[in-house]
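Here the structure is laid out as structure tokens; the discussion comes afterwards.
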Amino acid sequence: MSLLGARSAFPLLTTSRLVYNRYFRNSMVQNVPRILSSTEMSPSESKWITLKKIKYIDQDGTERVWESAERKTRKGSGVDAVAILAVIRSKTNAFPVSTVVIEQFRPPIGKYIIGMGLRFKHYYQSMCKVVSRFMLGPGLIDEGETAQQAALRELHEETGFIADEILQVSPIVVADPGKYSFVPVFALVVLAVDLEGELIKPEPKLDPGEHIVAKVVELKNLAAELKDYDKKGFIVDAKLSHLASGMELVQQLRIM
């Protein structure tokens, strides 16, 4: 069934602190996530990631060796995930054009990360059993699923929003090809969420053990919101930070 459609809604909480207060007050688990230990893991122990030694010939004809990490769960498409940018609009101009960012604890960093919709679901779940991002949020692409279908599904699951239109789909892009061949391979899908009037936030469809807080922010204030997050001790995902910086430069240089 398509996720381009109707929605049930709950009142929007507009500040990070209010969202956290509500979440922890209603949660059965009152603990603040924290790292208990960090030890080396051999590739044979890993369920989701393996290490690769790549031999190649460079431009000078010299044989070289490169160390890389690779996902074990990559599907036949060669794409690990979609990054999701949701553009939230009001049909009656009741609120400014907005997007949604995700607040989520990330064990490899040991802090809360602010991101958009990019998430590698199975890897995330394996890392977050002890504790629990709209980055441009990512979502893992299931077998037989297109990037567009994965984006629609992940947006609905993580934020509760249902997209009305697919605005843009990027070619396959990579984030850090010098080190990894698993995390960076994704496509960006831009989705439009068109609300009838006032801004409302639906209930997400999170899996057990997922602890994600979605916050709606005005697109024109995205850079300022991220700077405020930084002051509060959050770490901003690079892809979301780059998007906000690009938008800020467009305004400053009057490119458009």
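Be aware that the sequence shown starts at 260, since it is given in our numbering, and climbs by one per residue. Heads up, the beta-carbon is just placed ideally off N, CA and C, and yes, glycines get one too. None of the values given here were measured: they were computed from a predicted structure.
- With a cutoff of 8 Å on beta-carbon distance, V341 and V448 are scored as near each other.
- If you look at S504, you'll find it in the alpha helix (DSSP H) that goes 497-512.
- Secondary structure at L465: coil, using DSSP grouped into helix, strand and coil.
- The distance from the Cβ of I347 to that of A473 is about 11 Å, inconsistent with a contact at the 8 Å cut-off.
- With a 10 Å radius around the Cβ and a threshold of 16 neighbouring Cβ atoms, I313 comes out exposed.
- Closest by C-alpha distance to A482, out of T358, Q407, I316, is T358.
- Under DSSP, the beta-bridge partners assigned to E326 are K312.
- Going by beta carbons, K464 and E507 fall outside the 8 Å limit.
- In the structure shown, K460 adopts extended strand secondary structure according to DSSP, grouped into three states.
- Cβ contact annotation for L478 (same chain, cutoff 8 Å, sequence separation greater than five): V346, P355, V356, S357, T358, M506, in chain order.
- Put simply, of S297, R330, D317 the residue whose alpha carbon is nearest the alpha carbon of S305 is R330.
- Distances from the CA of S500 to each of R513, L512, I514, N480 were compared; the closest alpha carbon is that of N480.
- Residue burial annotation: R365 is buried, with at least 16 other C-beta atoms found within 10 angstroms of its C-beta.
- Sorting G320, A503, P302, D496 by C-alpha distance to the C-alpha of A434 places D496 at the top.
- The distance from the Cβ of G369 to that of I294 is about 5 Å, consistent with a contact at the 8 Å cut-off.
- For A434, there is no enclosing alpha helix (DSSP H), as DSSP marks it with neither H nor E.
- V428 sits close to A406, with the two beta carbons spaced by under 8 Å.
- Residue burial annotation: E484 is buried, with at least 16 other C-beta atoms found within 10 angstroms of its C-beta.
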